[in-house]
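Undergrad: For reference, the structure I am asking about is given below.
2 protein chains.
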Amino acid sequence: MDALAVTSDGELAMLESASRQLTDSVRRLIDATIRTQVDPAIIAEVTEKIDCATEELSTALMPSSFGVQVTEDGRPMAWGNVMIGLRNAIAPPLVVNRGSDGDVWSDFTLGSAYEGPPGLVHGGVCAMVLDHVLGATAHKPGRAAFTGTLRIRFLRGTPLGELRAQARVDRVEGVKTFAVGQLTDACGVTVEADGVFIHPREQTPGG
Amino acid sequence: MDALAVTSDGELAMLESASRQLTDSVRRLIDATIRTQVDPAIIAEVTEKIDCATEELSTALMPSSFGVQVTEDGRPMAWGNVMIGLRNAIAPPLVVNRGSDGDVWSDFTLGSAYEGPPGLVHGGVCAMVLDHVLGATAHKPGRAAFTGTLRIRFLRGTPLGELRAQARVDRVEGVKTFAVGQLTDACGVTVEADGVFIHPREQTPGG
């Protein structure tokens, strides 16, 4: 592992724990930045503090994006991934569960930061989550899949709050996995999706 | 305007400017959180500082999401919107331009925080951006449009960096606008999309 300067499992565990707490903290900041009602003068003071914090983190910075780094024992770490990344404050994050018959699901909460129409999740966020969860049906360790096509049908507005995304494989044809899935709130399905996910010949880890 | 405590155009301008700077600052923090190589001890110190900053912003907080608030002279402010919101650090943000013939386009940059496969934009982020830009062809002042269906075809990986999304109306049938569009990098089209956007009978502003 080059980019992260850790040499043992214990060090990695400490870095993982500290990173997770920082990312959660940044998520709360994103939310407060949207919803704050304090005066511009206080906002300006807070901005200076955030800039100082960013400077401290930036004294040693990877030259490019996080990508997918690999632990010494070969486990991939997609810490920068916008949907699942441990270090990405944009990620809800999604935690993808896998059933025994190849189905996948994720329970997550979307707050103010994912809003489109008032009180509702932005349609594009619904599409983004479904792309990831449908794609996860095709992912295997060391065999990433890329989205070929994705079709989304919006049945009704998806309220901000607790949601579930789920998907299953409809069929596999060569390198193509055909997946179907849906987004649900407490009252049922809000968005349906189907997509084709492709295993490229040259494998790139992650996704 | 209830939620934001401003009473004049001058006050609104000051709040807008301070908010914009804070949001930019939070965007830089999101990026540094992903790419930092500092020790866990420094990460923990930074986390405490971020928590303090969030606390300061939270001394006065809207009870729910930002929604779409309206200025005294009737201009809608979608400051919390995940794609265009002035106060949303998840938003790249998109600035949507409109041509004289109803076409729309947006030039923007996606960095580390939007990554899926190493060095590439997450497919779901491409879908999210295209949903917004295609939808923008159907939006009129006071006439928001909701996504009905969206179809995305991924031609190749979209590299992180400078991108353009553009869309145009293919045809209008009653409350339905049929839009087509694409995402391009310096080398051409990476993702194509088409979608149906619907004006609901009961209008909700924004989206």
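Read top to bottom, the protein sequences are chains A and B. Using the numbering used here, you'd call the opening residue of the first sequence number 1 and step up by one each time. Using the numbering used here, you'd call the opening residue of the second sequence number 1001 and step up by one each time. Glycine is no exception: its CB is placed at the ideal position from the N, C-alpha and C atoms.
1. Quick check: the Cα distance between E61/A and R87/A, rounded to an integer number of angstroms?
2. Whole angstroms is fine: what's the gap from G80/A's alpha carbon to P1117/B's?
3. Mind the definition here: the stretch 1183-1192 of chain B touches the stretch 1153-1164 of chain B only if three or more C-beta pairs lie below 8 angstroms; say whether that holds.
4. Which residues in the same chain as F1178/B place their Cβ atom closer than 6 angstroms to its Cβ, once the five residues preceding and following it in sequence are excluded?
5. Here's the rule: buried if 16 or more other CB atoms are within 10 angstroms of the residue's CB, otherwise exposed. What is R1035/B?
6. For T54/A, is the classification buried or exposed, using 16 other Cβ atoms within 10 angstroms of its Cβ as the cut-off for buried?
7. In three-state DSSP terms, what is S1106/B?
8. Who pairs with I1198/B in a beta bridge, going by DSSP?
9. If we call anything under 8 angstroms between Cβ atoms a contact, is M1083/B one with H1132/B?
10. Sorted by chain position, which residues of the same chain lie with C-beta nearer than 8 angstroms to F154/A's C-beta, five sequence neighbours on each side aside?
11. Apart from the five residues just before and just after R201/A, which ones in its own chain have a Cβ nearer than 7 angstroms to its Cβ?
12. On the three-state DSSP scale, how would you describe Q21/A?
13. Run down chain C in chain order and give the residues with a C-beta less than 7 angstroms from the C-beta of A113/A.
14. Report the option in E173/A, G157/A and A193/A whose CA atom is closest to the CA atom of H1199/B.
15. Is there contact between the stretch 1008-1020 of chain B and the stretch 1090-1103 of chain B, where contact requires at least three CB pairs shorter than 8 angstroms?
16. State the DSSP-derived secondary structure class of I292/A, mapped to helix, strand or coil.
17. Quick check on DSSP: helix, strand or coil for L1160/B?
18. Quick one: what does DSSP say L1183/B is sitting in, helix, strand or coil?
19. Could you give the distance in angstroms between the alpha-carbon of L12/A and the alpha-carbon of R168/A?
20. Relative to the C-alpha of P92/A, which candidate in G10/A, D24/A and V180/A has its C-alpha closest?
TA: By the coordinates alone:
1. In the sequence as displayed, the identity of residue 61/A is Leu instead of Glu. Going by the C-alpha atoms only, they are around 14 angstroms apart.
2. In this structure, the straight-line span from the alpha carbon of G80/A to that of P1117/B is close to 10 angstroms.
3. These segments touch.
4. Excluding positions up to five away in sequence, the list reads D1170, R1171 and V1196.
5. Under this definition R1035/B is a buried residue.
6. T54/A counts as buried, since no fewer than 16 other beta carbons sit within 10 angstroms of its beta carbon.
7. Of the three classes helix, strand and coil, the one that applies to S1106/B here is strand, per DSSP.
8. BP columns for I1198/B point to F1146/B and K1176/B.
9. Their beta carbons are under 8 angstroms apart, which means M1083/B touches H1132/B by this criterion.
10. Within its own chain, the residues whose Cβ lies closer than 8 angstroms to the Cβ of F154/A, once the five positions on either side in sequence are excluded, are G123, C126, T190 and V191, listed in chain order.
11. Excluding residues within five positions, none has a Cβ falling inside 7 angstroms.
12. In the structure shown, Q21/A sits in a helix (DSSP, three-state: H, G or I).
13. Of the chains in the structure shown, none is chain C; the protein chains are A and B.
14. With distances taken between Cα atoms, H1199/B lies closest to G157/A.
15. No, because fewer than three Cβ pairs between the stretch 1008-1020 of chain B and the stretch 1090-1103 of chain B fall closer than 8 angstroms, the two stretches do not touch.
16. With chain A represented from 1 up to 207, any question about residue 292/A goes unanswered, as that position is not in the structure.
17. Coil, per DSSP.
18. Assigned with DSSP and collapsed to three states, L1183/B falls in strand.
19. A direct Cα-to-Cα measurement between L12/A and R168/A gives close to 33 angstroms.
20. Per the Cα distances, D24/A.
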